[in-house]
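K.L.:
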Amino acid sequence: MNTFKEINPQDISESPFTLIGKDWMLVTAGTEKKFNTMTASWGGVGIMWNKPVVFTFIRPQRYTYEFIENEEFFTLSFFTEDYRSALKLCGAKSGRDVDKVAQTGLTPYFDENAPYFKEAKLVLVCRKMYNQALKEDCIFDPTIKASYNDDGSDYHKMYVSEIVKALVRE
Ligand SMILES: Cc1cc2nc3c(=O)[nH]c(=O)nc-3n(C[C@H](O)[C@H](O)[C@H](O)COP(=O)(O)O)c2cc1C
Numbered sequence: 137m138n139t140f141k142e143i144n145p146q147d148i149s150e151s152p153f154t155l156i157g158k159d160w161m162l163v164t165a166g167t168e169k170k171f172n173t174m175t176a177s178w179g180g181v182g183i184m185w186n187k188p189v190v191f192t193f194i195r196p197q198r199y200t201y202e203f204i205e206n207e208e209f210f211t212l213s214f215f216t217e218d219y220r221s222a223l224k225l226c227g228a229k230s231g232r233d234v235d236k237v238a239q240t241g242l243t244p245y246f247d248e249n250a251p252y253f254k255e256a257k258l259v260l261v262c263r264k265m266y267n268q269a270l271k272e273d274c275i276f277d278p279t280i281k282a283s284y285n286d287d288g289s290d291y292h293k294m295y296v297s298e299i300v301k302a303l304v305r306e
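When we follow my numbering, the leftmost residue of the sequence shown carries the number 137, and every step to the right adds one.
1. Using a Cβ-based criterion (distance less than 8 Å to any ligand heavy atom), does Thr172 qualify as near ligand 1?
2. Heavy atom of ligand 2 less than 8 Å from the Cβ of Leu242, yes or no?
3. Do the CB positions of Met265 and Lys187 come within less than 9 Å of each other?
4. Please state whether the Cβ-Cβ distance between Tyr295 and Phe210 is less than 9 Å.
5. If you measure from the CB of Tyr266, is any heavy atom of ligand 1 nearer than 8 Å?
6. In this structure, does DSSP put Tyr219 in helix, strand or coil?
7. Does Phe191 come out as helix, strand or coil in the three-state DSSP assignment?
8. Just to confirm my understanding: we take Phe246, look at its own chain, exclude 5 residues before and 5 after, and list those with CB closer than 7 Å. What are they?
9. Under the criterion of a Cβ to heavy atom distance below 8 Å, does Trp178 qualify as lining ligand 1?
10. Quick check: the Cα distance between Glu272 and Ser289, rounded to an integer number of angstroms?
11. Starting from Glu205 and walking both ways along the alpha helix (DSSP H), at which residues does that stretch end?
12. Does any residue of chain D bring its CB to less than 9 Å from the CB of Leu242?
13. Can you give me the C-alpha to C-alpha distance between Gln268 and Val189, rounded to a whole angstrom?
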């Protein structure tokens, strides 16, 4: 049995600046047969189309990108500091080359819609609503362009996704 309790996403008390920017998160997508996870520290939470949403930004080169593209749902898992080394590994290595579950010792759980991790303190189950690759034409601040390849092949894709479930570990 899993040990998570569902809460209203609007009752998440920790700052998203801390949760996303400082603590980082694992973005995980796929099926029980095949899934992948990666660390992310860019993104946000808010309200769009009157729903609680997350904004995530994934480069197309990530293996995780393929899973997010193929699925309607993905999850964001947040951890305590104890799991920093696991998040470092998932942000440094690709699931194309290593088995991240075996290397981190994290335990995958499967919601009816998407995989997440037993060790997480907070999990957001997300349903994709609006997906769009960042575009050169839309860049206003020139320093942003300088952070990407000249050919634009590594522009992040933005996913605006409804938070369909927020789970906290009991
Ligand atoms: C702290 C940290 C934050 C990261 N944030 C992002 C992010 O927001 N978006 C992204 O595309 N990659 C981000 N990355 C890079 C991916 O986690 C990294 O490339 C990872 O190895 C991809 O794994 P995969 O190929 O198995 O998907 C971050 C890495 C670290 C260490």
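Ideal Cβ positions, reconstructed from N, Cα and C, are used throughout, including at glycine.
P.N.:
Judging by the given coordinates:
1. The question names Thr, yet the displayed sequence has Asn at residue 172. Answer for Asn172: yes, Cβ within range of ligand 1.
2. Because ligand 2 does not appear in the structure shown, any question about it cannot be addressed here, the ligands present being ligand 1.
3. Yes. Within cutoff.
4. yes
5. no
6. helix
7. Note: Phe191 maps to strand in three-state DSSP.
8. Glu168
9. Look at Trp178: its beta carbon is less than 8 Å from one of the heavy atoms in ligand 1.
10. 11 Å
11. Tyr199 to Asn206
12. Looking for chain D here will not work: only one protein chain is present.
13. 15 Å
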